[in-house]
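S.K.: My structure is below; once you've seen it, I'll send some questions.
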Amino acid sequence: MLRQSVSYLRYQAGSEDKMDLSKTLFIKWQECNDTGIALVDEQHRGIVSIINSFYCLTERGMGNTMLYSVISDTVKNYSRIHFITEERFLKAAEYPDFEQHVELHRELTWEIEHVEYVSIVENDPRPLMEFLKKWWLEHINEQDMNYVPCLQAMKDRDCKKIKTLG
Ligand SMILES: [Fe+2]
Ligand SMILES: [Fe+2]
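Just so you know, the sequence shown maps onto residues 4 to 169 in the working numbering.
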């Protein structure tokens with residue numbers, strides 16, 4: 004399955020040799036998107052990269068059920084690692100809304116499963132794209148930004164702690 008998926012993506016990339024990459028970005032990273040916590044920012048950039056890749060392919064009519072499955076597997080694996088990282092930081096920083104944030108992660112995890120199913124069954128990229136957009140706009144840019152002062156305070160108090168956790 005993985006080998007087939009990689010061949011498919013290679014095939015798609017090869018058919019678009021003259022692609023103008025500047026026109027393929029759905030999200031352009033800006034400084035205001037940074038949390039200031041290096042590992043979290045690195046992972047958020049990774050999520051943005053997945054969203055941009057998916058957007059680029061579906062905009063060009065290249066989406067199919069195999070692509071949805073590859074994208075959602077990548078999102079699932081990536082989000083699992085990212086949520087563990089974030090929750091470890093939040094716990095160490097004694098973030099007051101820790102439980103609520105963990106619950107939001109749980110909801111997103113459930114939603115990924117649901118939208119993957121809908122996109123594949125209906126052969127429609129929109130549920131998956133809408134989910135990724137929501138993740139970016141609501142979770143990363145709003146809900147994640149709420150914990151930034153708390154993590155920054157921990158970083159200022161004990162920079163070593165952040166490095167150990169990362
Ligand atoms: Fe996050
Ligand atoms: Fe989060």
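All C-beta atoms, glycine included, are put in the ideal place defined by N, C-alpha and C. Predicted model, so just to flag it, every value in this text is computed and none were measured.
Nearest by alpha-carbon distance to W32: which of P152, N144, K163 and M65 is it?
M.R.: The count along the sequence shown starts at 1 and reaches residue 32 at position 29. For W32, the nearest C-alpha among the options comes from N144.
S.K.: Can you list, in chain order, the residues of its chain whose CB lies under 8 Å from that of Y81, leaving out five sequence neighbours each side?
M.R.: Within the sequence shown, residue 81 is the residue found at index 78, counting from 1. Result list for Y81: Q46, G49, I50 and I53, in chain order.
S.K.: Within this structure, are the beta carbons of T68 and I123 separated by less than 8 Å?
M.R.: Mapped onto the sequence shown, residue 68 falls at position 65. Mapped onto the sequence shown, residue 123 falls at position 120. Yes, the pair counts as a contact, with Cβ atoms nearer than the cut-off.
S.K.: Distance check for K79 and R13, CA to CA, integer angstroms please.
M.R.: The residue you call residue 13 lines up with position 10 of the sequence shown. The residue you call residue 79 lines up with position 76 of the sequence shown. Because R13 sits at a pLDDT of 46, beneath the cut-off of 50, its placement in the model cannot be relied upon, and the following sentence gives the value as read from the coordinates. Rounded to whole angstroms, R13 to K79 spans 22 Å at the Cα level.
S.K.: Under three-state DSSP, which class holds A41?
M.R.: Residue 41 sits at position 38 when you count from the first residue of the sequence shown. Here DSSP, grouped into helix, strand and coil, assigns A41 to helix.
S.K.: Would you please state the rounded distance, in angstroms, between the beta carbons of K164 and A95? I believe it to be under 8 Å.
M.R.: Taking the first residue of the sequence shown as position 1, residue 164 is located at position 161. Taking the first residue of the sequence shown as position 1, residue 95 is located at position 92. Between K164 and A95 the beta-carbon gap is near 6 Å, inside 8 Å, which marks them as a contact.
S.K.: With H, G and I counted as helix, E and B as strand and the rest as coil, what does DSSP make of E89?
M.R.: The sequence position of residue 89 within the sequence shown is 86, counting from 1. In the structure shown, E89 sits in a helix (DSSP, three-state: H, G or I).
S.K.: Does Y58 come within less than 8 Å of chain B when only Cβ atoms are used?
M.R.: Among the protein chains of the structure shown there is no chain B, as only one such chain exists.
S.K.: Given the structure, does E89 come close to ligand 4, in the sense that its CB is under 7 Å from one of the ligand's heavy atoms?
M.R.: Judged by which ligands are present, ligand 4 is missing from the structure shown, whose ligands are ligand 1 and ligand 2.
S.K.: Is it buried or exposed for G64, if we count other Cβ within 10 angstroms and need 16 for buried?
M.R.: For the purposes of this step, residue 64 is taken as the residue at position 61 of the sequence shown. Exposed: under 16 other Cβ atoms inside 10 Å.
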